[in-house]
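Colleague:
Residue numbers (the numbering used here): 3 to 225.
#1: What residue does the beta strand (DSSP E) around residue 130 start on, and which one ends it?
#2: Between which two residues does the beta strand (DSSP E) containing residue 201 stretch?
#3: According to the Cβ coordinates, are residue 146 and residue 22 closer than 7 Å?
#4: Please report the Cβ distance between residue 172 and residue 194, rounded to the nearest whole angstrom; I am assuming they are in contact, meaning their Cβ atoms lie under 8 Å.
#5: Does the pairing of the segment 37–57 with the segment 86–97 give three or more beta-carbon distances under 8 Å?
#6: Give the straight-line distance between the Cα atoms of residue 153 and residue 182, rounded to the nearest whole angstrom.
#7: Please return the same chain residues whose Cβ sits closer than 6 Å to the Cβ of residue 134, not counting the five positions on each side in sequence.
#8: Compute the distance between the beta-carbons of residue 136 and residue 77, then report whether it is under 7 Å.
#9: To which residues of the same chain is residue 130 closer than 6 Å at the C-beta, ignoring the five residues directly before and after it?
#10: On a CA-only basis, which of 211, 180, 38 is nearest residue 128? Give me that one, please.
#11: Got a sec, what are the start and stop residues for the alpha helix (DSSP H) residue 147 sits in?
#12: Can you tell me whether DSSP reads residue 84 as helix, strand or coil?
#13: Please report the Cβ distance between residue 65 and residue 74, rounded to the nearest whole angstrom; I am assuming they are in contact, meaning their Cβ atoms lie under 8 Å.
#14: Can you list, in chain order, the residues of its chain whose CB lies under 7 Å from that of residue 56, leaving out five sequence neighbours each side?
#15: Within 10 angstroms of the Cβ of residue 29, are there 16 or more other Cβ atoms? Answer buried if so, exposed if not.
#16: Residue 119: beta carbon under 6 Å from a heavy atom of the ligand SAM?
#17: Bridge partners for residue 123 per DSSP, in chain order?
#18: DSSP three-state label for residue 169, please.
#19: Considering only the alpha carbon of each residue, which of 19, 98, 122 lies closest to residue 9?
#20: Considering only the beta carbon of each residue, do residue 163 and residue 122 sit closer than 7 Å?
#21: Between the alpha carbons of residue 188 and residue 11, how many angstroms are there, rounded?
#22: Looking at the secondary structure, which residues open and close the beta strand (DSSP E) in which residue 13 lies?
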């Protein structure tokens, strides 16, 4: 199973939980418990059933299970203040407290095309794809930026196909603090050039682009 909830992505086969590009570490038993609750959502899972699955043939006290719940909440509950990833149903058991969006490979022939441009943030290269690249704090964004002042869906960089005469553009998505290019606030849709500095909240990103082969051929044909 592979899915997304809040700003987290889980891949149960790879036993990997991430928030954006950052791994979130859970003990093996806590990961198993989270997986079980996700698989049986939105149903409440009885405590006795959970103990049978997590500790088959072994008698454990209630605290062993509640400790795992506490571990999961500690890792996930900061994502959406006031909500809990694991819901307690007193006298019965636990249930997953959110929505899961199933993820899977794109249909054959529809894989996103990686563009020959990227953003640089904190000395990391963040590759872009041809089409819309939403930038923000939400884990579902193509470019995940976890920084102060960045909205969940802050801005969108639109990258045209390499054989297109169009340029890369940026558009603010109604963010709280605005999007700035070279110190100037973006209003509407504006072009972005190689080396441009984009500011979103407290984050400053630099746009980089390689010259396409088509552009190189045009330059070589010029007298």
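The beta-carbon is built from N, C-alpha and C at its ideal position, and this holds for glycine as well.
Modeller: Quick look at the numbers:
#1: 126–131
#2: 199–202
#3: yes
#4: 5 Å
#5: yes
#6: 14 Å
#7: 158, 160
#8: no
#9: 117, 119, 120, 161
#10: 211
#11: Segment: none, residue 147 is in no alpha helix (DSSP H) and carries neither H nor E.
#12: The pLDDT assigned to residue 84 is 48, lower than 50, so where the model puts this residue is not dependable; a value taken from the coordinates is nonetheless given after this. Coil at residue 84, not helix or strand.
#13: The Cβ separation is near 15 Å, so there is no contact.
#14: 31, 34, 35
#15: exposed
#16: The ligand SAM is absent from the structure shown, which contains no ligand whatsoever.
#17: 126
#18: coil
#19: 19
#20: no
#21: 31 Å
#22: 10–13
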